[in-house]
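Protein chains in written order, with the working numbering: chain P, 3 to 33; chain R, 282 to 675. Before any comments, here is the structure.
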Amino acid sequence: STQRPRPRVLLKAPTLAEMEEMTTSEEEESP
Amino acid sequence: RQVTVQRKEKDFQGMLEYHKEDEALLIRNLVTDLKPQMLSGTVPCLPAYILYMCIRHADYTNDDLKVHSLLTSTINGIKKVLKKHNDDFEMTSFWLSNTCRLLHCLKQYSGDEGFMTQNTAKQNEHCLKNFDLTEYRQVLSDLSIQIYQQLIKIAEGVLQPMIVSAMLENESIQGLSGVKPTGYRKRSSSMVDGDNSYCLEAIIRQMNSFHTVLCDQGLDPEIILQVFKQLFYMINAVTLNNLLLRKDVCSWSTGMQLRYNISQLEEWLRGRNLQQSGAVQTMEPLIQAAQLLQLKKKTREDAEAICSLCTSLSTQQIVKILNLYTPLNEFEERVTVAFIRTIQAQLQERNDPQQLLLDFKHMFPVLFPFNPSSLTMDSIHIPACLNLEFLNEV
Chain P
3 STQRPRPRVL LKAPTLAEME EMTTSEEEES P
Chain R
282 RQVTVQRKEK DFQGMLEYHK EDEALLIRNL VTDLKPQMLS GTVPCLPAYI LYMCIRHADY
342 TNDDLKVHSL LTSTINGIKK VLKKHNDDFE MTSFWLSNTC RLLHCLKQYS GDEGFMTQNT
402 AKQNEHCLKN FDLTEYRQVL SDLSIQIYQQ LIKIAEGVLQ PMIVSAMLEN ESIQGLSGVK
462 PTGYRKRSSS MVDGDNSYCL EAIIRQMNSF HTVLCDQGLD PEIILQVFKQ LFYMINAVTL
522 NNLLLRKDVC SWSTGMQLRY NISQLEEWLR GRNLQQSGAV QTMEPLIQAA QLLQLKKKTR
582 EDAEAICSLC TSLSTQQIVK ILNLYTPLNE FEERVTVAFI RTIQAQLQER NDPQQLLLDF
642 KHMFPVLFPF NPSSLTMDSI HIPACLNLEF LNEV
């Protein structure tokens, strides 16, 4: 077919360091 | 009248579906609680392929939250395993292989033409349809670098205690102990009885073990080459630093033994087909130090020969070795001050680094070249031992 593929949507991702911070704060919150 | 509708068994399209509430179980069984030994005999990097097939189904159903959640849980799960097993070479290399493979899958099936050149038509059908995961690829690449650094740290920690005795103190060449510098024989023989004495075979055995694990786990060959270049650099740096600080090993006989040991390591690299790693080149300062110990050190011609040979050693290092050089017996002369001055004069135009010792903790930057797989997703079988029966093949 001549139909062009639909452009994919960019999924924003946190950086590895940001992920680290998120898990650290989650661990701190949990008892 | 009963009508029997015969439905054709639907072909597996290489996607895996799961309920959102099973994500934690998936990560636990496939990442955090998984033991690499459970997967022996299966296709290398199986967890990476399974995770990609799950991501692909979430992409297929256009569920961005599910993709986000799965990738975040996967990355955090891998980090948790690495933290728990931070001195386990096998576990670390297993997750390096799988993280790199997942990264390769996200490229190979991204839909970017640059990554699809080696894909079969079937593989092209398995590309992502809705989402661009470029940013997650960056996170996985950063994670791979962290895992690589942990792997090198573990391997170096195992090898480092062996290096000095195996490279400088152990005598495997028969009859060489008779030509040791007088006054140092006792120390050398007492080391053999000590707890921290290793021979070169111990290093080679250990490297065989590392290499076998890396190959069995399907780590990319280009990364394996970089691992051994890094380890050989460390062997070179630790050995040379010790040579530069110890008078008792600066002798003709140690030079001879050292050159033999290096040739054994070179032979090991050839035997494992790792000669294009650049590992031997990192040993060049040590090779030249071994030669310097063996060369004549008397005439102006000797000085010229040393200067033209020792291009990977700094002036400071050459002078230090000459100063420490210990004659074998009363018939061999010490290196004269005049000879050392001649060397210094000949090398004064060199713009050498000032520090005497090598940084044995230096790390070469690692590269993870794209390495697409010829495997097709629909050919992958999930073994029962993984306890992933809640995954539905789609």
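Just so it is clear, CB atoms sit at the ideal spot from N, CA and C, and this is done for glycine as well.
Comparing alpha-carbon positions, the option among R:V675, R:E674 and R:S655 lying closest to T401 of chain R turns out to be R:S655. A contact between stretches requires three or more CB pairs, one per stretch, nearer than 8 Å, and the region 503-518 of chain R meets this requirement with the region 632-652 of chain R.
Separation of the CB atoms of F293 of chain R and D659 of chain R is rounded to 5 Å, and the pair is thereby assigned contact status at 8 Å. Around the beta-carbon of R337 of chain R, 16 or more other beta-carbon atoms lie within 10 Å, marking it buried. Where V348 of chain R is concerned, the enclosing alpha helix (DSSP H) starts and stops at D345 to K365. Between K410 of chain R and D340 of chain R, the gap from beta carbon to beta carbon is short of 8 Å. At least one C-beta of chain P is nearer than 8 Å to the C-beta of G392 of chain R. Around the Cβ of A619 of chain R, a 10 Å sphere holds fewer than 16 other Cβ atoms; the residue is exposed. Spatial neighbours of E437 of chain R in its own chain (CB-CB distance under 6 Å, excluding positions within 5 residues in sequence) are listed in chain order as M515. Contact annotation: K403 of chain R and T657 of chain R have beta-carbon atoms nearer than 8 Å.
Under the DSSP assignment, H385 of chain R falls in the alpha helix (DSSP H) whose first and last residues are F370 to Q389. The beta-bridge partner set that DSSP reports for E298 of chain R consists of R:N673. The C-beta of T353 of chain R comes closer than 8 Å to at least one C-beta of chain P. Taking C-beta atoms as the reference points, T355 of chain R and L432 of chain R fail to come closer than 8 Å.
Leaving aside the five residues that flank Q556 of chain R on each side, the residues in its chain whose CB is nearer than 7 Å to its CB run, in chain order, L550.
Rounded to the nearest whole angstrom, the CA to CA distance from R8 of chain P to F509 of chain R is 44 Å.
The residues M397, in chain order, have a CB closer than 8 Å to that of N405 of chain R in the same chain once the five nearest residues on each side in sequence are set aside. Taking a cut-off of 8 Å for Cβ pairs, the region 477-495 of chain R and the region 410-428 of chain R do not touch, as fewer than three such pairs fall below it. Closer than 8 Å to the CB of I308 of chain R there is not a single CB belonging to chain P. Per DSSP, the unbroken alpha helix (DSSP H) holding N522 of chain R starts and ends at P502 to L524. Legend: CB atoms of the region 403-423 of chain R lying less than 8 Å from CB atoms of chain P belong to residues L409, K410, N411, F412, D413, L414, T415, E416, Y417, Q419, V420 and D423. Residue environment for L672 of chain R: buried (at least 16 other C-beta atoms within 10 angstroms of its C-beta).
Between Q569 of chain R and P317 of chain R, the C-beta gap is not smaller than 8 Å, which leaves the two residues out of contact. Here W533 of chain R has V460, L574, Q575, L609 and E613 as same chain residues with Cβ atoms under 8 Å from its own Cβ, once five neighbours each way along the sequence are excluded. Residue pairing by DSSP places V11 of chain P opposite R:F412 in a beta bridge.
Using a Cβ-Cβ cut-off of 8 Å, V348 of chain R counts as an interface residue toward chain P, since at least one Cβ of chain P sits closer than that to its own. Here I454 of chain R really is in contact with Y541 of chain R; their C-beta atoms are around 6 Å apart, less than 8 Å.
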